[in-house]
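Enquirer: Residue numbers (the working numbering): 17 to 298.
Every residue, glycine too, gets a C-beta built ideally from N, C-alpha and C.
The structure is given below, and queries will be raised subsequently.
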Amino acid sequence: MSSPLADALGRVHAQAEGEPRIVSLVPSLTELLCELGLTQYMVGRSGFCVHPRGAVARIPKMGGTKTPNLPAILAAEPTHLIVNIDENRREHADYLAAHIPHIVVTHPCQPEDNRTLLRLFGALFGALPEVERRAAELEAGFDAAWTELQASCAGLPRLPVLYLIWRSPWMTVSRATYISSLLAAAGLDTLPAVADARYPQFEWDADWVASARHVLLSSEPYRFRTRHLAEVESCCGLRAHLVDGEMLSWYGARAVAGLRYLAALRRQLDAAGNVTRRPMQA
C-alpha cells in the first residue's frame, strides 16, 4: 500500500515541520491549500490562481503556470513547490528542484484521484492545526457527491460529446484526461475515442465529429462566450452549450461542487432536446 505522503511520481515526502513556505503553480491546488487553512503559509502563486479571491489577493503572484517567475520563486525561499504534470513545465520543476527541498508533483487523471490528493495534502501539512480534519471533511464531501452523481446517472444512456478547450486551433480533450474521466462518470463520453495527444487539435471535417450529440464549450483555458455558440453550431450542425470549465477541470476542494454541477449538466443535456445555444451556468 502506497504512503499517503507519496506524490504523483511516487516520491515520499516527509511531513512538513515548523512553518512551511509554500508556492503553488496550480490554480485548483492553491484553492485547496487555502481551504485547508494554509493561506498564511503561502509565499507565492501563479497569476492564474484566482480562488478563493479574498485569500489569494494576499499571496504574491509569481508568473504563469507555463511561465513562472523563477527568480521571484527562489527569492521567496519556499520549502514546498506544488506543481502538476499537465499544467506546469517539467524543465521549470527540474530547475527549481535544485533549490527547493520539496517539489510536490500532482497528476489526477480521474475523479477518484481526489481522495489520494486530499490525503496527500492532509498528511503533508498535517502537523499544522486543523489541516487533517479539513482534508477528511473534504473527502467525506467528495464521497457524498460521488454517490449522488452515480445514483442520478444510473441507467442513463451514454451520450457522445465534444468538449472544446481552445479556438484557433480548435482543441479538445482525450479520454486520458481528468476532464474526460469526470464527464464519463455522468455518461458523457468525449470524442475522439482515440487520440494521439492528451489535448488534441482537430478539424471540423473529421469523421468522428458527426458522432457527437452535443458540443460543450468550456470557459477555460479559452474563454468561450455566447458569441461563439453560433460559430460552433455552424461548423458542425450540433447543439452547443457553454459550460463552467472550473467545475469540470478543477480537482481538490472544487471537485465536490464539480460533481454536483456535472449531475445538473447531465440533466440539462437530457432535457435540451432540439434546443440550441443554451448556456449551462454553475
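#1: Taking only the alpha-carbon atoms, compute the straight-line gap between Ile119 and Ser250 and give it to the nearest angstrom.
#2: With a cut-off of 8 Å, do at least 3 Cβ pairs link the region 188 to 195 to the region 162 to 175?
#3: Check whether the Cβ atoms of Pro216 and Arg135 lie closer than 7 Å to each other.
#4: Are three or more beta carbon pairs between the region 269 to 276 and the region 148 to 168 nearer than 8 Å?
#5: Express the C-alpha separation of Arg27 and Ser235 in angstroms, rounding to a whole number.
#6: Just how far apart, CA to CA, sit Glu33 and Tyr57?
#7: In three-state DSSP terms, what is Asn100?
#8: Go to Tyr179, then tell me how far its alpha helix (DSSP H) extends in each direction, as first and last residue.
#9: In whole angstroms, what separates the C-alpha of Gly79 from that of Pro43?
#10: May I ask which residues mark the beginning and end of the alpha helix (DSSP H) holding Met78?
#11: Within the region 200 to 252, note down every full alpha helix (DSSP H) run reaching 4 residues or more, in order along the chain.
#12: For Thr81, which of Ala92, Val72, Arg74, Asp102 has the nearest alpha-carbon?
#13: Nearest CA to the CA of Tyr111: which residue from Thr132, Pro87, Arg131?
#14: Taking DSSP as the reference, what is the three-state secondary structure of His115?
#15: Report the residue ranges of all beta strand (DSSP E) runs contained in full by the region 123 to 188; include only those spanning at least 3 residues, in chain order.
Expert: Per the coordinate set shown:
#1: 46 Å
#2: no
#3: no
#4: yes
#5: 34 Å
#6: 12 Å
#7: strand
#8: Not the alpha helix (DSSP H): Tyr179 falls in the beta strand (DSSP E), residues 175 to 180.
#9: 12 Å
#10: Unbroken run through Met78: none, as it is neither H nor E.
#11: 243 to 252
#12: Asp102
#13: Pro87
#14: coil
#15: 175 to 180
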